[in-house]
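Heads up: the sequence lines are chains X and S, in that order. Just so we're aligned, residue 1 is where the first sequence starts under the numbering used here, counting upward by one. Just so we're aligned, residue 423 is where the second sequence starts under the numbering used here, counting upward by one. This report refers to the structure that appears directly beneath it.
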Amino acid sequence: MTSDNRTVVVTGIGAFTPLGADAASTWEGLVAGRSGVSLIEDEWAADLPVRIAARTAVDPGEVLPRPLARKLDRSAQFALIAAREAWADAGFTTPATEEGSPIAPERLGAVVASGIGGVTTLLDQYDVLKEKGVRRVSPHTVPMLMPNSPAANVGLEVGARAGVHTPVSACASGAEAIGYAIEMIRTGRADVVVAGGTEAAIHPLPIVAFANMMAMSKNNEHPQAASRPYDKARDGFVLGEGAGVVVLESAEHAAARGARVYCEAVGQGLSSDAHHIAQPEPSGSGVARAIAQLLEATDVDPAEIVHVNAHATSTPQGDTAEIKALRRVLGDHLDHIAVSATKSMTGHLLGGAGGIETVATVLALHHRTAPPTINVDDLDPEVDADIVVGEPRALPAEGRLTALNNSFGFGGHNVVLAFRTV
Amino acid sequence: MATQEEILEGLAEIVNEIAGIPTEDVQLDKSFTDDLDVDSLSMVEVVVAAEERFDVKIPDDEVKNLKTVGDAVNYIVTNS
């Protein structure tokens, strides 16, 4: 129970994304090369420099009962829906606190992160304060806006008492949450952890703020072509929203209850740039150190890596820095690695990205198929890697396969997660 | 001024909106916390909605005395 190097596996997945209201429909959208980006039709967007985003395919209000939804920030709504799916997918039918549960609440954790937290709640309630007065500000405002709210609500839902955590590292948050969860199980603090990332920041202030950093695509004329990682004409990311959640479990615990296992969650590599608060280190040295640390800390064999779900947000600098880092550490191995940028379809979910891209990576191994990167009409010659362009690609049908999921965040955070078929 | 029946009906609609409890279950003897799934935060919402609907002031100190729907109805009848 307290061994400090236990094997961790993925036993459940859930997703609520611009491509679908669950993991299966999201995966269908990914392999079909469908874009989830559209023009923001709301009146508030009319005068913004950026008027495109990737909204969730289904409104969470259609899924959650209204009395529950009104007490949750949109980011927590996404996380709860995805967590419920993952929990059920892992074969759990009741919260851990109920009698007969196969997992004790004291051995169950929840680690769910977002980059910005309940930003729309904060801004909307400030509008209420100004327009309607003190008395009308919702008493639920604080529990809704706090960044740990999605984790806490997921923890309440499943009955997690081993620890509920929210690592915050901008766009690396979701991946860092999953890495943290892997460690909780590996080192024996928990047997099962529900982990993932969520984000709901489609609101004029975050959009204008990102746009003023020159970080976003302004291709309002062609929304579905705006997110174009690795293409020469890429001009920034497209904001997406949604959540991706996985159930991680010690291999021993999963075997004991006869759970279906998607793959092994091998481990993580972490580093920080100490370069600039928002710009990526252009040579990719920080990212390279994260990948090198992963290879050092785990038994991942570079020869077995067949797929990378890249961070690739469609910014001019970031996309190439990441490829340089992969080349630097993996060398010639990179020639047989299918690199996919699923943000070309989902947009960039900030802290949610690591969540939905982990779900995509797990399913890529499960189906032995790498999803495509869309909108690569003119591949940037600086991209020295085998990008999966346009169509999905079959991964080797036989043998053990390893895949990486990269996530980086403003602040210089680099997180690389590794998954492997069993 | 609203009658006791009208106030009960109004409170039932408010509790339905906030906690999702069917209006017919909101009866005078029901406890907000124990019977109607209205926790202390949601109770603040019920109070603010009731203040607006019945044009009455319910001071924060008074809220803790409103244990049941009947307590709230009586307070509103007496003070509006």
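Even for Gly, the Cβ is constructed at its ideal location relative to N, Cα and C.
**Item:** Simplified DSSP assignment, three categories, for Met214 of chain X
**Value:** coil
**Asked** Is there at least one Cβ from chain S nearer than 7 Å to Met1 of chain X's Cβ?
**Response** Unreliable positioning characterises Met1 of chain X in this predicted model, as indicated by a pLDDT of 44, which lies under 50. The coordinate reading is nonetheless provided below. Cβ-Cβ to chain S under 7 Å: no for Met1 of chain X.
**Item:** Where Thr56 of chain X sits in the DSSP three-state scheme
**Value:** coil
**Asked** Under three-state DSSP, which class holds Thr500 of chain S?
**Response** helix
**Request:** Going by DSSP, name the residue or residues bridged to Gln268 of chain X.
**Result:** X:Leu417
**Asked** What's the C-alpha gap between Pro105 of chain X and Thr373 of chain X?
**Response** 40 Å
**Item:** Contact the segment 14-34 of chain X vs the segment 205-220 of chain X: 3+ CB pairs below 8 Å
**Value:** no
**Asked** What are the partner residues of Val263 of chain X, as DSSP defines its beta bridges?
**Response** Here the sequence assigns Cys to residue 263 of chain X, which means Val is not the residue at that position. Paired residues: X:Val10.
**Request:** Identify the continuous beta strand (DSSP E) that holds Phe408 of chain X and give its terminal residues.
**Result:** 402-409
**Request:** Could you pull the start and end residues of the beta strand (DSSP E) that Leu108 of chain X belongs to?
**Result:** 108-113
**Item:** Cα-Cα separation, Val470 of chain S to Gly432 of chain S
**Value:** 13 Å
**Request:** For the segment 189-201 of chain X and the segment 333-340 of chain X, state whether three or more C-beta atom pairs, one from each stretch, are separated by less than 8 Å.
**Result:** no
**Request:** Mind the definition here: the segment 237-248 of chain X touches the segment 50-69 of chain X only if three or more C-beta pairs lie below 8 Å; say whether that holds.
**Result:** yes
**Asked** Does the Cβ of Met1 of chain X have 16 or more other Cβ atoms within 10 Å, making it buried, or fewer, making it exposed?
**Response** Confidence is the limiting factor: at Met1 of chain X the pLDDT is only 44, short of 50, which leaves the residue's position unreliable, though a coordinate-based value still follows. Met1 of chain X comes out exposed.
**Request:** Provide the residue(s) that pair with Ala195 of chain X in DSSP beta bridges, ordered along the chain.
**Result:** X:Val111, X:Val246
**Request:** Under 9 Å between beta-carbons, which chain S residues line up against Pro65 of chain X? List them in chain order, please.
**Result:** Gly442
**Asked** In chain S, what lies closer than 8 Å to Ser138 of chain X by C-beta?
**Response** Glu467
**Prompt:** Do you know whose CA, among X:Met216, X:Ala76, X:Ala200, X:Ala303, lies nearest Ala151 of chain X's CA?
**Reply:** X:Ala76
**Message:** What does the Cβ neighbour count give for Val422 of chain X, buried or exposed, with the cut at 16 atoms within 10 Å?
**Reply:** exposed
**Asked** In chain X, which residues lie with their C-beta within 7 Å of the C-beta of Val470 of chain S?
**Response** Arg135, Arg136
**Item:** Cβ-Cβ separation, Gly117 of chain X to Pro147 of chain X (assumed contact under 8 Å), whole Å
**Value:** 3 Å
**Prompt:** Under the three-state reduction of DSSP, which class applies to Leu129 of chain X: helix, strand or coil?
**Reply:** helix
**Request:** Find the nearest neighbour of Ala83 of chain X within the set X:Asp124, X:Lys71, X:Phe16, judged by alpha-carbon distance.
**Result:** X:Phe16
**Message:** Between Ala434 of chain S and chain X, is the shortest Cβ-Cβ distance under 7 Å, so that the two count as touching?
**Reply:** no
**Message:** One question on the structure: do Val112 of chain X and Val168 of chain X come within less than 7 Å of each other, judged by their Cβ atoms?
**Reply:** no
**Request:** Taking only beta carbons into account, state which residues of the segment 446-465 of chain S come closer than 9 Å to chain X, listed in chain order.
**Result:** Asp459, Ser462, Leu463, Ser464, Met465
**Request:** Compute the Euclidean distance between the alpha carbons of Ala45 of chain X and Gly352 of chain X, then round it to the nearest angstrom.
**Result:** 23 Å
**Prompt:** With 16 as the cutoff for other CB atoms within 10 Å, does Asn375 of chain X come out buried or exposed?
**Reply:** buried
**Prompt:** Considering only the beta carbon of each residue, do Ala488 of chain X and Leu395 of chain X sit closer than 7 Å?
**Reply:** Not covered by the structure: residue 488 of chain X. The range shown for chain X is 1 to 422.
**Message:** Taking only three categories from DSSP, how would you classify His366 of chain X?
**Reply:** helix
**Item:** Distance between Arg107 of chain X and Ser250 of chain X (C-alpha atoms, nearest Å)
**Value:** 11 Å
**With 16 other Cβ atoms within 10 Å as the buried cut-off, status of Asp483 of chain S** = exposed
**Asked** How would you label Asn487 of chain S, buried or exposed, when you count the other beta carbons within 10 angstroms and need 16 or more for buried?
**Response** exposed
**Item:** Of the residues X:Gly12, X:Thr11, X:Leu48, X:Arg420, the one placed nearest Ala209 of chain X, counting alpha carbons only
**Value:** X:Leu48
**Prompt:** Looking at the structure shown, is Arg430 of chain X part of a helix, part of a strand, or coil, going by DSSP?
**Reply:** Nothing about residue 430 of chain X can be reported from this structure: the residues present for chain X run from 1 to 422 only.
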